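> Sending over a structure as structure tokens; questions will come in a sec.
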Amino acid sequence: MIHKKRLGTAGYYTAAIVIAVLAMIPFLWMLSTSFKSRGALMSVPIEWIPKEPTLKAYIKVFSKFPFLQTIGNSLFISVIYTLITLLSASMAAFAFAKLRFSAADLLLKVFLATMMIPTQVTIIPLFVVMNKMNLINTYGSVILPSIFRPFAVFLLVQQMRTIPNDYLDAASIDGASVFQVYYKVALPLCIPTLATLSITTFMESWNDYLWPLLMLTDKAKMTLPIALSTLNGQYATEYNVLMAGALISMIPIIVIYCFAQKNFKNGIMAGGIKG
Amino acid sequence: MKGNGPGKNRGCGGLITASPFLVPSLIGLAIFYLAPMLISVFISLTDWNGLDRLFADGFMRQHYIGLENYRSILTSDEFWKVLGNTLEYIVLYIPLMLLVSISVATLLSRQRKGVGVFRVLYYIPVLTSWVAASLIWKTILAPQFGAMNNILALFGIKGPGWLLDEKWAMPAIVLVSVWKDMGFFGLILLSGIIGINTSYYEAAAIDGAGPVTKFFRITLPLLTPAIFYVMIVSLINSFQLFPQIMIMTDGGPNGATQVMVERIYKYGFRYFQMGYASAFSWILFVIIMLCTALQLRGQNRWVNYDS
Amino acid sequence: MKQLIALLLTLAMVFALAACGGTAPAPEAKPAEEAKAPAKAETPSEAPAAEPVTITYCNFNANGGQEGTLDEMVAAFEKEHPEIKVQVETIAYDDYFTQMQTRVAGGTAPDCYELNIENFAAYANKGLLAEITGADTSALNETALNAFNVGGKQFGLPESFSNVILIYNKDLFDAAGVAYPTAEWTQDDLQQAAEAIRALGPDTFGIWQPITYNEMFKVVAQYGGALLNQDKTAFTINSAENLKAMQTLVDRVTVSNVQPTAEQAGAMGDWDWFMSGKLGMIPTGIWAFQTFTENCEFDWDIVVEPGSTQKATHFFSNCVVMNPETQHAEAVAAWLAWLTGSTASADIRLAHGWDLPALKDMDALAAYLQVTPPENKVAVFDSLNYLVMPPVIEDYAKMCDIINEKLSAAAAGTMTVEDALNAAQAECEAQIKLG
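Chains as they are written, first to last, in the numbering used here: chain A, 468 to 742; chain B, 20 to 326; chain C, 17 to 451.
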């Protein structure tokens, strides 16, 4: 029995580590590239540990644009974007999953349908709409679309549908209003999903490039991906600088990820206590 | 779809109760989605080049060509070839991605030492930009010196030319996409697994169920809503496969990886035929919608809500 | 507690949005928070005479290192013209044209902006550019100027130009015991030298000349061929001259293998190979000088590209154009003329080693010759005598893509060169209408 368990542990870690290595290879290469000088970039075979590590690439990234301001803009946009998405999507999802209303099925299908048209052909029309609303060159143009995120609504609908109705019924019998049922019962039970959603939403907003580029023409409002794109020339790409920039822009997401991960555990607890 | 979700006779139903919850989404839907989509329907009926001022005076009069774009797309060889390439991707990608991300999620759901670290590491590919990922994958998949073919050679297999080979380019794209997405879908499935009430497992343990039985009797059935989500979303995303194609092959070799959205982008922004691109998109829309409708219809057979 | 705040926020938002969204759906639904933000430069104002007018200029060429140079130019211009202020927007090349197209179609294009030659053709032919009048263009190189003249109207001014020369690794030539290339070289001489260098080692190659559309239109000209007939009314992609030219290039990959196949090349690009010291020759642009100077640990130099029956060299130019909807046409014309044609601007440009100004008078460029390596920098100017223009047509991008697709098949050996050119000819004829 003990023997079998050990075997299971060994198997578990072997599998887990193999996948981890596969997942990490490109990341490690990015890391090593970012410490290389330009000449050492593309040697064959790959030079995993730079022979002469240098911070040149990082210095270039930091000296190229007002770093703090850019990060500040990106954080501001992404945090508000994520909060609005979480709120708006969870509300809609609650209505779809737990409040019966006519045309709910049809409406959910309309929500889904909006994901099916490539943004490549709606981008100019959306630009025109934004222009009509005088939103160009305002943070609103980048943040406001977060009030409708069909992917988020759909994900939360799926999660809320698994919540047993008895929980909600019990709460409403105790005299809770619909809003109270929503935020006291339904939301806490969705915490793992909300945590997941906050990572993916934050990341999407954080990495978004073309739309902020179109909307925020004022240099003072520049976001990080746009700032990083200023490191590329027309003919040549300095991969070490590119990778240094990419790594720096990954940090906030990793931080948020670690933070959100804690909520996975809280989610279990919430489920456990209430159940 | 009747009867999914549902608070049987709950007193608080009805559109009036639901509407405050829906208003923000509905406003966003109308302004940021339906309005542009409606405009693009009109564009698809024109020969607009995507450069002239949109909706200047007499725009429709000058550019209207009826259903001509649709006719010429559906009768072109290119459309069917590109649809075939897209379907090839989907057929290879979805089963592989599901298998990998369910495995990843199961692995990460275990209460083992260090699982928190693995959860972070597995998500790294999602965070890695396509530019960086494609550079390294091109090196790994390089036919002569690449790591992949060197490893295959150890087993006596002569590896193909991958991205340079017309037959193998799409499977290579699938491989890299699965690598990139496994963390994303793995995470969604993981939060589904974690959301499963622990009392089910406790009850099963009392009955003496082993881990395998637990997985197939409890985890998998209760995970079906999350799996269903992953299938719907990944199908929609796969039909719109784009960045990895642009960065890794740009549609080559010899058109073997040209897919729907790659064509739409090129027609709209490179060949200046935005009307044609819009019509192309609406055809794609109909295709995706039909596939999704099939999935929705089938869900009652296997998706398990409200246990 | 957190949930309570969340709820309050939710309620506030629902009411705020419901209040303005309820009655009139689209245009008025505008949240208060951002409505006050200034939307400057979008609405060109009726500026009083005393106030300087502000014009907006959007470009990609300064991105990735020359932003400071452009700022310096703007400062110098504003000093000369205190009545004009230039607001610069620099955007990365990759998405530059996507964003520019969106802004043009959406009616918010800047007063003036930069285009490359391919996109210039599309924009000019679709009537999206203003004719630039009243600008003094006498100092500009005529070949370059003509490239942006459509139907006798000057829709763009050449901002800068670059050409392509043959760069070679002196150390590898020495090792192979071959004499350095000269301006008199033909493709046959090149082939012999490439074979000698290839013999140096299994992963040392003689030359890398990408088998792409861009190389094709130049190389076929060296053999007396062309992609279009003289008056641009028919494609001549599969002519005998073209076939001979492309067969020569493809044979270097598939037959003599003096050029790496895609498989041999792996993930490294042509510049990477050259900088690694394992490539004898590379025809590339003068924009490579700085990078090669910084990264090559061997001696290298340049020479005018070899020809065959005649010489032909590449010419690349970006141009600046005017938005017909600008409120300040005169100020824009003044800025564009100064940027492209003035000595002051040229001096700043040369001092920072940023492309060549497209000037007629080569003496103004003397400073350029003094920066070495390469020693033989005069080859850059000599090459200008053999310039061949890209066959600019309205559907330029489509023609490029079709030809590239077929050429890549030929280079990979999955198609014969003849079949590839025939297929490209057929597809271009089917899909592109020539004016």
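Glycine included, each C-beta is placed from N, C-alpha and C at the ideal position.
The structure displayed is predicted, hence computed values, not measured ones.
Buried or exposed: C/TRP13, going by 16 or more other Cβ atoms within 10 Å of its Cβ?
The structure shown does not extend to residue 13 of chain C, since chain C is modelled only from 17 through 451, so no value can be given for it.
> Kindly list the residues whose CB is nearer than 7 Å to the CB of C/ASN438, restricted to its own chain and excluding five residues on each side of it in sequence; keep chain order.
ASN254
> Suppose you measure from the CA of A/ASP633 to the CA of B/ASP226; what does that come to, to the nearest Å?
A straight-line Cα-Cα distance of about 25 Å links A/ASP633 and B/ASP226.
> Of all the residues that make up the region 275-307 of chain C, which are near chain B by a beta-carbon distance shorter than 8 Å?
Listed by position along the chain: ALA278, GLU279, GLN280, GLY282 and ALA283.
> Verify whether the separation of the beta carbon atoms of B/TYR290 and C/ALA413 is less than 9 Å.
yes
> Check whether the Cβ atoms of C/ILE418 and C/GLN447 lie closer than 9 Å to each other.
yes
> Mind pulling the alpha helix (DSSP H) runs of 4 or more residues that sit fully within the region 191-258 of chain C?
Runs of the alpha helix (DSSP H) spanning 4 or more residues and lying entirely within the region 191-258 of chain C occur at 203-214 and 229-238, in chain order.
> Mind checking whether C/GLY222 and C/ARG268 have CB atoms under 9 Å apart?
Against a cut-off of 9 Å, the Cβ pair of C/ARG268 and C/GLY222 comes out as a contact.
> For C/ALA78, count neighbouring Cβ atoms within 10 angstroms of its own Cβ and tell me buried if that reaches 16, exposed if not.
buried
> For the beta strand (DSSP E) that contains B/THR65, what are its first and last residues?
That residue, B/THR65, is in no beta strand (DSSP E); it is neither H nor E in DSSP.
> So which residues on chain A does C/GLU105 lean against when the C-beta distance must stay under 7 Å?
THR684
> Just to confirm my understanding: we take A/LEU573, look at its own chain, exclude 5 residues before and 5 after, and list those with CB closer than 7 Å. What are they?
none
> Per DSSP, C/LYS101 is paired with what?
C/THR70
> Quick check on the burial criterion: 16 or more other C-beta atoms within 10 angstroms. Buried or exposed for A/LEU474?
exposed
> Thinking C/TRP354 and C/SER361 are a contact (beta carbons under 8 Å), I'd like their distance in whole angstroms, please.
Yes, they are in contact, since the Cβ atoms of C/TRP354 and C/SER361 sit about 6 Å apart, within 8 Å.
> Classify B/VAL231 as helix, strand or coil using the three-state DSSP reduction.
helix
> If you drop the 5 nearest sequence neighbours on each side, which residues of the same chain put their C-beta closer than 6 Å to that of C/CYS312?
MET291
> Going by alpha carbons, who is nearest to B/ASN319 out of B/ILE264, B/SER253 and B/PRO240?
B/PRO240
> Nearest CA to the CA of C/ASP87: which residue from C/ARG214, C/MET378, C/MET415 and C/HIS368?
C/HIS368
> Out of C/ALA199, C/GLY193, C/ASP190 and C/ASP152, state which residue places its alpha-carbon closest to the alpha-carbon of C/LYS393.
C/ALA199
> Quick check on B/GLN259 - is its C-beta less than 9 Å from some C-beta in chain A?
yes
> Go through its chain and collect everything with a Cβ distance to C/GLN441's Cβ below 6 Å, but skip five positions before and after it.
PHE251, ILE253 and ASN254
> Pair every Cβ in the region 73-89 of chain B with every Cβ in the region 142-150 of chain C, then say whether three or more of these pairs are closer than 8 Å.
In the pairwise beta carbon analysis, the region 73-89 of chain B is classified as not touching the region 142-150 of chain C: fewer than three pairs are separated by under 8 Å.
> Given A/MET497, which residues of its chain have a CB within under 7 Å of its CB, disregarding the five upstream and five downstream residues?
MET710, ALA713 and LEU714
> With C/ALA426 and C/ILE227 assumed to form a contact (beta carbons below 8 Å), what rounded beta-carbon distance in angstroms separates them?
7 Å
> For C/ASP315, does the three-state DSSP call read helix, strand or coil?
coil
> Kindly indicate which three-state DSSP category C/THR325 falls into: helix, strand or coil?
coil
> Can you give me the C-alpha to C-alpha distance between A/LYS576 and A/TRP678, rounded to a whole angstrom?
26 Å
> Do we get a CB-CB distance below 9 Å when we pair B/ILE121 with the residues of chain A?
no
> Would you say the region 192-207 of chain B touches the region 135-149 of chain B, given that touching needs at least three Cβ pairs under 8 Å?
yes
> Using a 10 Å radius around the Cβ and a threshold of 16 neighbouring Cβ atoms, would you call B/GLY103 buried or exposed?
exposed
> Looking at the secondary structure, which residues open and close the alpha helix (DSSP H) in which C/LEU437 lies?
433-447
> Hey, quick one: how far does the alpha helix (DSSP H) through C/GLY172 stretch, first residue to last?
That residue, C/GLY172, is in no alpha helix (DSSP H); its beta strand (DSSP E) goes 172-185.
> Any chance you could list the alpha helix (DSSP H) runs of at least 4 consecutive residues sitting entirely within the region 575-638 of chain A, in chain order?
If we require 4 residues or more, the alpha helix (DSSP H) runs fully inside the region 575-638 of chain A come out as 586-599, 606-610 and 617-628.
> Given a cut-off of 9 Å, decide if A/THR668 and A/THR552 are closer than it, judged by their beta-carbon atoms.
The beta carbons of A/THR552 and A/THR668 sit closer together than 9 Å.
> Considering only the alpha carbon of each residue, which of C/PRO299, C/ALA191, C/GLN170 and C/GLU67 lies closest to C/VAL235?
C/PRO299
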